[in-house]
Every structure is written in C-alpha cells, then in structure tokens.
Amino acid sequence: MTSNNNSADVVLKVAGVSKRFGGLQALSDVGIQINKGQVYGLIGPNGAGKTTFFNVITGLYTPDSGSFELAG
C-alpha cells in the first residue's frame with residue numbers, strides 16, 4: 001500500500017489529544033492520521049485508553065487538549 005499525504009485523502013486526523021479523569025491520565029498526546037482506503041485496528045491491554053480514544057473522536061468526551069478532524 002502506498003502512502004498518500006494529500007489532505008483531500010485524509011479521513012481522520014488526530015493530533016496531541018489528551019484526556020484526564022481526575023488523577024488518571026487516560027490519553028496522553030495521542031496522534032494518528034488515517035487516509036482514504038486505509039483500515040486500522042486499535043489494540044491494547046485493558047485500561048490502555050482504547051474506549052476513551054473512541055469516545056473522544058465520536059464526541060462523547062471532550063478532549064482536555066489536542067484536536068481532531070473527521071473527513072476534513
């Protein structure tokens with residue numbers, strides 16, 4: 001698969017996203033870019049922040065810092 005960094009091909013761009021719940025840092029400076037046609041999986045152990053990350057990019061949680069763009 002070839003990588004294409006054309007901004008029109010970017011479906012999801014996450015940069016510097018952090019989320020804290022009291023004393024627990026659930027996400028710390030998370031970043032990812034997914035281009036059109038790419039498929040990604042999110043794996044990790046229990047408590048790694050997978051669900052929190054999903055909840056941030058779907059709008060259920062507001063990130064404490066960082067930004068994300070969905071479909072440009």
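The numbers in full-length UniProt numbering rise by one with no breaks, and the one at position 57 of the sequence shown is 57.
C-beta: ideal position from N, C-alpha, C; glycine also.
Residue span of the alpha helix (DSSP H) that contains residue 36, given as start and end: No alpha helix (DSSP H) contains residue 36, which DSSP labels as neither H nor E.
Simplified DSSP state of residue 43, which is helix, strand or coil: coil
Residue 1 (DSSP reduced to helix, strand or coil): Note that residue 1 has pLDDT 46, beneath the 50 cutoff, so the model's placement of it is unreliable and the number below is only indicative. Residue state, collapsed to three classes: coil.
C-alpha distance - residue 43 paired with residue 50, whole-angstrom precision: 7 Å
Proximity below 7 Å, CB of residue 11 to CB of residue 32: no
Contained alpha helix (DSSP H) runs [length at least 4] in the segment 43-71, N- to C-terminal order: 50-57
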